[in-house]
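S.K.: Provided herewith is a single structure, encoded as structure tokens, for subsequent inquiry.
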Amino acid sequence: AQTLTILGLESSCDDTAAAVVRQAGDARAEILSSVVFGQTELHAAFGGVVPEIAARAHAEKLDVCVADAMAQADVGFGDLDAIAVTAGPGLIGGVLSGVMCAKGLSAATGLPLIGVNHLAGHALTPRLTDGAAWPYLMLLVSGGHCQFLIARGCQDFTRLGGTIDDAPGEAFDKVARILGLPQPGGPSVEAEAAKGDPARFRFPRPLLDREGCDFSFSGLKTAVLRERDRIVAEKGGLTRADRADLCAGFQQAVVDVLAEKTRRAVRIYMAEGPSRPLVAVAGGVSANKAIRARLETVCAAEGASFTAPPLPLCTDNAAMIAYAGLELFRAGVRDGLDLMARPRWPL
Ligand code: KG4
Ligand code: ZN
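Per UniProt numbering, the sequence shown starts with residue 9, numbered consecutively.
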């Protein structure tokens, strides 16, 4: 196979990112650079991502990210084979910023343009990091998404189940807000949980009684809110220990639910008889150490290998978009200047 060098752009949520990925023939792909500008401080005062502020910041930062990524990779446009960009799903203003930037670069350089599904970017990460062979089972858990996929090809995914309401990252973020902890909630709730007693509060394990691989996280967040209000009404406020115990109880419930549903999804996947069974996790929530450890145990018990990306490739980044673009390029995908930004785009 030919050597390919792809520039990737990502701007679908609150990270502006650009990266260059190269694959020489059949060798393992290499990340030549991966630049991420987070917007956490811009949204901190609002307790969540403000779409309008995000879109403006993406528009301002994308060209800087691209210049940095290309300088760090030591490549010029003449060294590139294509430009890949997240074309959805996500906040439309941000996605449009990225798509417009990529179209401008494509028009100016004549390089082919490739629109990438953000979810495919996460879902293909184990191929970038581990050279994972098809088919593997993917648990995609982030701030906006939660689903099991059997990945069979770069455009061939079978969905086994997903959340019927909130995504787990969203639940972590809301619990952080309820307890007055900083955003993004995942890392701050995880840090508190490490100091707490997971057995003090027994939160619900939603949908465990129901068959299948679907999730629900909205009731769990409400249960934490109710418990907080009960303690505040009783004692006038939360102590440090209360906060840590609430976080530990919440995280334990999420871990238990993810573990049981993963066990079910793994059994469905294993029934297909994959020759080298592999389960991979991706998305921001896969940065959580308690979740990673428990999933690894479940997979080992079911006879499957388990892999989780290094932390910078769990959360949003452009290396995964450049890599997905690389696979799509090899599959013959090319987009024109009529490429559309899609706020919704199921895999
Ligand atoms: O994949 P990502 O960067 O963006 C989306 O596509 O959503 O995921 C961000 C989400 C946030 O909700 C954040 O709170 C969560 O991932 N997250 C975590 C951890 N680190 C980030 N959740 C639990 N534990 C963590 N350590
Ligand atoms: Zn994401």
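Glycine is no exception: its CB is placed at the ideal position from the N, C-alpha and C atoms. Since the structure is predicted, the reported quantities are computational estimates derived from the model, not experimental observations.
Please identify the residue among Ala52, Cys73, Ala140 and Arg185 whose C-alpha is closest to the C-alpha of Val44.
M.R.: What you label residue 44 is simply residue 36 of the sequence shown in a count that begins at 1. Looking at the Cα atoms, Cys73 is the closest of the given residues.
S.K.: For a test of your reading of the model: does the CB of Ala295 fall under 7 Å from any non-hydrogen atom of the ligand KG4? Yes or no.
M.R.: Within the sequence shown, the letter at position 287 stands for residue 295. Yes, Cβ of Ala295 sits closer than 7 Å to a heavy atom of the ligand KG4.
S.K.: Listed by chain order, which residues have C-beta atoms less than 5 Å from any heavy atom of the ligand ZN?
M.R.: Ser150 and Asp324
S.K.: What is the DSSP secondary structure of Val265, counted as helix, strand or coil?
M.R.: Here the question's residue 265 lines up with position 257 in the sequence shown. Helix.
S.K.: Check whether the Cβ of Cys255 sits closer than 7 Å to any heavy atom of the ligand KG4, and report yes or no.
M.R.: Within the sequence shown, the letter at position 247 stands for residue 255. False, no ligand heavy atom lies under 7 Å from that Cβ.
S.K.: Touching or not, the segment 310-321 and the segment 283-293, by the rule of three or more beta carbon pairs under 8 Å?
M.R.: A contact is defined here as three or more CB-CB pairs under 8 Å, and the segment 310-321 meets this definition with respect to the segment 283-293.
S.K.: Beta strand (DSSP E) containing residue 367: first to last residue?
M.R.: Nothing about residue 367 can be reported from this structure: the residues present for the chain run from 9 to 355 only.
S.K.: Measuring CA to CA, which of Ala330, Arg350, Cys221 and Leu355 is closest to Asp121?
M.R.: The residue labelled residue 121 in the question sits at position 113 within the sequence shown. Strictly speaking, residue 121 in this sequence is Leu, with Asp absent from that position. Closest by alpha carbon: Ala330.
S.K.: How many Å lie between Ala110 and Glu18 at the Cα?
M.R.: Here residue 110 corresponds to residue number 102 of the sequence shown, with the count starting at 1. Here residue 18 corresponds to residue number 10 of the sequence shown, with the count starting at 1. Computed Cα separation, rounded: 10 Å.
S.K.: Can the beta-carbon of Leu215 be found closer than 8 Å to that of Ser224?
M.R.: The residue given as residue 215 occupies position 207 in the sequence shown. The residue given as residue 224 occupies position 216 in the sequence shown. Ser224 is positioned such that its CB atom lies closer than 8 Å to that of Leu215.
S.K.: For the segment 334-341 and the segment 179-189, state whether three or more C-beta atom pairs, one from each stretch, are separated by less than 8 Å.
M.R.: no
S.K.: When burial is assigned at 16 or more other CB atoms within 10 Å of the CB, is Gln163 buried or exposed?
M.R.: Here residue 163 corresponds to residue number 155 of the sequence shown, with the count starting at 1. Exposed, because fewer than 16 other Cβ atoms sit within 10 Å of the Cβ of Gln163.
S.K.: Nearest to Thr11 by CA position, among Ala26, Ala35, Pro212 and Leu113, is which residue?
M.R.: The residue given as residue 11 occupies position 3 in the sequence shown. Cα-wise, what sits closest to Thr11 is Ala35.
S.K.: According to DSSP, is Ala128 part of a helix, a strand, or is it coil?
M.R.: Looking up residue 128 in the sequence shown gives position 120. Here Ala128 sits in helix by DSSP.
S.K.: So, under 8 Å CB-CB, Ser105 and Leu50 are touching, yes? Tell me the CB distance rounded to an integer number of Å.
M.R.: For the purposes of this step, residue 105 is identified with residue 97 of the sequence shown, where counting begins at 1. For the purposes of this step, residue 50 is identified with residue 42 of the sequence shown, where counting begins at 1. The Cβ separation is near 14 Å, so there is no contact.
S.K.: For the alpha helix (DSSP H) containing Ser226, list its first residue and its last residue.
M.R.: For this step, residue 226 is matched to residue 218 along the sequence shown. Here the alpha helix (DSSP H) through Ser226 covers Ser226 to Lys243.
S.K.: Would you say Leu319 reaches chain D, if we count a Cβ-Cβ gap shorter than 8 Å as a contact?
M.R.: The chain inventory of the structure shown lacks chain D, comprising one protein chain alone.
S.K.: Check for me: the alpha helix (DSSP H) holding Gly102 runs from which residue to which?
M.R.: Along the sequence shown, one-based indexing puts residue 102 at 94. Ile100 to Thr117 is the span of the alpha helix (DSSP H), which, as asked, contains Gly102.
S.K.: Is His153 near the ligand KG4, judged by its Cβ being under 7 Å from some heavy atom?
M.R.: As a working note, residue 153 is residue 145 in the sequence shown. Flag set: Cβ of His153 near the ligand KG4.
S.K.: Mind reading off the beta-carbon distance from Leu99 to Ala62? Whole number of angstroms is fine, and I expect it under 8 Å.
M.R.: Counted from its first residue, the sequence shown places residue 99 at position 91. Counted from its first residue, the sequence shown places residue 62 at position 54. About 6 Å; that satisfies the 8 Å criterion.
S.K.: Where does Arg185 fall in DSSP's three states?
M.R.: Position 177 of the sequence shown holds residue 185. Looking at Arg185 - three-state DSSP - the assignment turns out to be helix.
S.K.: Do three or more CB pairs link the segment 294-302 to the segment 13-31 at distances below 8 Å?
M.R.: no
S.K.: DSSP three-state call for Glu49: helix, strand or coil?
M.R.: Stepping through the sequence shown from its first residue, residue 49 is reached at position 41. If DSSP states are grouped into helix, strand and coil, Glu49 belongs with the helices.
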